[in-house]
């Protein structure tokens with residue numbers, strides 16, 4: 005049994021999901037897990053044995069233009085390290101969490117190992133900023149171990165930061181107890197969707213890099229040939245623009261904006277196809293969640309997406325912005341029931357074979373053991 009601290013962004017998002025699910029899985033295996041975050045992680049929806057939560061408390065001083073969250077986090081980390089005698093502090097995101105973890109390690113009296121998991125924007129967005137690059141590099145190189153959620157992200161990190169730090173690739177995973185193909189006939193009726201209609205789905209934070217307009221434009225072309233509905237889940241900066249775009253094209257009755265949803269497995273189970281047309285995507289966890297529910301995906305040839313989708317087996321890969329090809333693939337699949345079933349079965353099998361939670365958690369446990377032995 006090990007005592008492991010976990011710090012992540014507690015809000016809805018792929019990194020927070022993975023960090024929280026990892027903690028829950030480790031707790032099931034008898035490890036003592038301590039979440040150190042600004043608020044309760046949204047996936048900690050109930051009491052779990054061996055799971056503890058430590059809230060970072062913020063102080064507001066007039067001398068600071070902004071509350072010093074990073075310093076407050078580091079102080080709380082050091083406090084928990086010493087009080088709980090943590091063996092490992094596993095931080096998700098290099099900025100600011102790895103930097104805070106390193107500072108906490110320096111402040112704490114009890115020795116602790118720092119494991120940093122890179123999820124994407126801490127490298128692909130923040131890493132472009134020359135003022136932050138040395139800070140991010142320091143966070144990575146001073147960590148005792150570093151992981152990336154895809155080979156693409158590992159390669160980007162090495163190239164952008166010019167670091168020689170060994171980076172292990174450990175893929176994301178899903179909770180099989182939640183993400184599986186369910187019977188959702190009543191849910192389809194609640195949405196008033198005809199049994200003959202095909203359902204396409206997109207889940208994101210509605211940022212520009214997600215290119216939700218490409219999703220809508222692809223759907224429009226598909227809907228012209230096959231009666232369909234598009235379910236858009238999430239919220240963010242482009243939400244209002246996308247509502248306007250749908251209205252401009254006269255698709256109000258075909259496109260459903262569902263907003264933020266804490267758990268989407270039921271909705272995924274009634275979908276026929278997932279669309280992820282991003283221009284930046286280090287992994288694409290929503291694709292994995294969809295595939296676990298038997299939903300094939302169409303994604304761009306960007307980042308880690310090709311490491312999740314097996315082209316022409318569990319879905320299709322298209323070039324960035326190619327809504328015509330995406331629509332053609334969607335029409336080809338949705339008009340062939342036998343092919344759709346083949347893709348659905350292949351998607352479920354692919355997730356179970358390559359992204360099973362037990363397999364991925366084993367990899368993290370092996371990493372922890374290696375770090376503690378060094």
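Residue numbers (our numbering): 5 to 378. Ideal placement from N, C-alpha and C gives every residue a C-beta, glycine not left out.
For the 9 Å CB-CB criterion, residue 361 and residue 155 do not form a contact. Of the candidates 15, 7 and 6, 15 places its Cα closest to the Cα of residue 265. Residue 307 is classed as buried because its beta carbon has at least 16 other beta carbons within 10 Å across all chains shown. Pairing residue 209 with residue 17 gives a Cβ-Cβ distance under 9 Å. For residue 336, the closest C-alpha among the options 83, 309 and 300 is that of 300. Annotation: the region 27 to 53 contains no complete segment of the alpha helix (DSSP H) (minimum length 4 residues). Contact check for residue 9 and residue 81: beta-carbon distance about 7 Å, within the 8 Å limit, so the pair qualifies. If the five residues before and after residue 27 are omitted, its C-beta is found closer than 7 Å to the C-beta atoms of 10, 37, 39 and 55, all from its own chain and listed in chain order. The DSSP-derived three-state label of residue 20 is helix. Less than 9 Å divides the Cβ of residue 376 from the Cβ of residue 117.
In the three-state reduction of the DSSP assignment, residue 243 falls in the helix class, which pools H, G and I. The three-state secondary structure of residue 56, taken from DSSP, is strand.
For residue 143, the enclosing alpha helix (DSSP H) has its first and last residue at 137 to 145. Contact check between the region 311 to 329 and the region 218 to 225: three or more CB pairs, one atom from each, fall below 8 Å, which counts as touching. Fewer than three pairs of CB atoms, one per stretch, sit closer than 8 Å, so the region 139 to 150 makes no contact with the region 179 to 194. A contact between stretches requires three or more CB pairs, one per stretch, nearer than 8 Å, and the region 343 to 359 fails this requirement with the region 237 to 248. Sequence-distant partners of residue 151 (beyond 5 residues in either direction) whose C-beta falls short of 6 Å from its own C-beta, in its chain, are 121, 172 and 174. Counting only the Cα atoms, residue 95 lies some 16 Å from residue 44. Bridge pairing for residue 165: absent [DSSP]. In this structure residue 298 is in contact with residue 185, their Cβ atoms being roughly 4 Å apart against a cut-off of 8 Å. Per DSSP, residue 112 has no beta bridge partner at all. Taken atom to atom, the span from the alpha-carbon of residue 65 to that of residue 71 is near 7 Å.
For secondary structure counted as the beta strand (DSSP E) over 3 or more consecutive residues, the region 310 to 371 holds these complete runs in sequence order: 319 to 322. DSSP places residue 286 outside any beta strand (DSSP E), giving it a letter other than H or E. If the five residues before and after residue 169 are omitted, its C-beta is found closer than 7 Å to the C-beta atoms of 144, 145 and 150, all from its own chain and listed in chain order.
Three or more pairs of CB atoms, one per stretch, sit closer than 8 Å, so the region 270 to 281 contacts the region 200 to 217. Counting along the chain, the unbroken alpha helix (DSSP H) around residue 271 starts and ends at 269 to 273.
According to DSSP, residue pairing for residue 201 in a beta bridge does not occur. Cβ neighbours of residue 88 within its own chain (closer than 7 Å, five residues either side excluded): 7 and 38.
Exposed is the label assigned to residue 374, since fewer than 16 other Cβ atoms lie within 10 Å of its Cβ. The closest CA to that of residue 29, considering only 52, 41 and 218, is found on 52. Residue 190 and residue 280 have their C-alpha atoms some 27 Å from each other. For residue 224, the enclosing alpha helix (DSSP H) has its first and last residue at 216 to 227. CA-CA distance, residue 250 to residue 227, rounds to 13 Å.
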